[in-house]
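A.B. asks: Numbering (our numbering), first residue to last: 158 to 365. Backbone N, C-alpha and C define an ideal beta-carbon position, used for all residues, glycine too. Shown below is the structure under consideration.
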């Protein structure tokens, strides 16, 4: 049983001092539930294999399944993933926002976290600041047991994760939105993995 610190945070004008402290804890490998532009996310330092393993355990998720990460910028994404011109074009057009791109990972990105590098830049200011202040990719899996519905309220996040994670950032109720659109760019043609808020046809039209 973990002693969970619950922090109320204003989604429109978050306290940056608090977020800097939470970002430090994330960098150390602490587990945090936090709001994103889609649903509440469960995260930690994606470079810390031991911490990532805990995420899989809490979610009861098979190790073979990939985890998405949030980064603060295209430059950070380039440190850990092989970003070609096509990927860069999509990042500049659709991010920050609910689009996750899968590219080949670089050697400095742990295999446990992903067989590839699946990333997005969040349009939620809280998630974005955490990525910016921690200076590491942050795991951005949905905060719910594997196969269960996504969580859209701080109250529900507390019910589900108090005693399991180190910190819960409660920003109240989120607008119910589909999880991010996932597109795999590892082959010549973009492949839709999961439909989401950004229509795949719109992506293809943009690239045409």
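Using a 10 Å radius around the Cβ and a threshold of 16 neighbouring Cβ atoms, would you call residue 241 buried or exposed?
C.D. replies: Counting from one through the chain shown, the residue named residue 241 turns up at place 84. By the neighbour-count rule (16 or more Cβ atoms within 10 Å), residue 241 is not buried but exposed.
A.B. asks: Could you check what DSSP says for residue 186 in three-state terms: helix, strand or coil?
C.D. replies: For this step, residue 186 is matched to residue 29 along the chain shown. Here residue 186 sits in coil by DSSP.
A.B. asks: Can you say whether residue 217 is buried or exposed, counting buried as having 16 or more other CB atoms within 10 angstroms of its CB?
C.D. replies: If you number the chain shown from 1, residue 217 lands on position 60. The residue is exposed, with fewer than 16 neighbouring Cβ atoms inside 10 Å.
A.B. asks: So does the region 298-307 actually touch the region 208-217, counting three or more Cβ pairs closer than 8 Å?
C.D. replies: yes
A.B. asks: What is the DSSP secondary structure of residue 257, counted as helix, strand or coil?
C.D. replies: In the chain shown, residue 257 corresponds to position 100, counting from 1. In this structure, residue 257 counts as strand in the three-state DSSP scheme.
A.B. asks: How far does the alpha helix (DSSP H) with residue 198 in it reach, from first residue to last?
C.D. replies: For the purposes of this step, residue 198 is taken as the residue at position 41 of the chain shown. Unbroken run through residue 198 is the beta strand (DSSP E), 197-200; no alpha helix (DSSP H).
A.B. asks: Taking the C-alpha atoms as reference points, what is the distance between residue 272 and residue 260?
C.D. replies: Taking the first residue of the chain shown as position 1, residue 272 is located at position 115. Taking the first residue of the chain shown as position 1, residue 260 is located at position 103. The alpha-carbon atoms of residue 272 and residue 260 are separated by roughly 10 Å.
A.B. asks: Whose CA, out of 227, 357, 363, 195, lies closest to the CA of residue 290?
C.D. replies: Along the chain shown, one-based indexing puts residue 290 at 133. The shortest C-alpha separation from residue 290 is found at 227.
A.B. asks: Taking the beta carbon of residue 206 as the centre, do at least 16 other beta carbons fall within 10 Å, making it buried, or is it exposed?
C.D. replies: Here residue 206 refers to the residue found at position 49 of the chain shown. Exposed: under 16 other Cβ atoms inside 10 Å.
A.B. asks: Starting from residue 277, follow the beta strand (DSSP E) in both directions and report where the run begins and ends.
C.D. replies: Counted from its first residue, the chain shown places residue 277 at position 120. First-last of the beta strand (DSSP E) with residue 277: 274-277.
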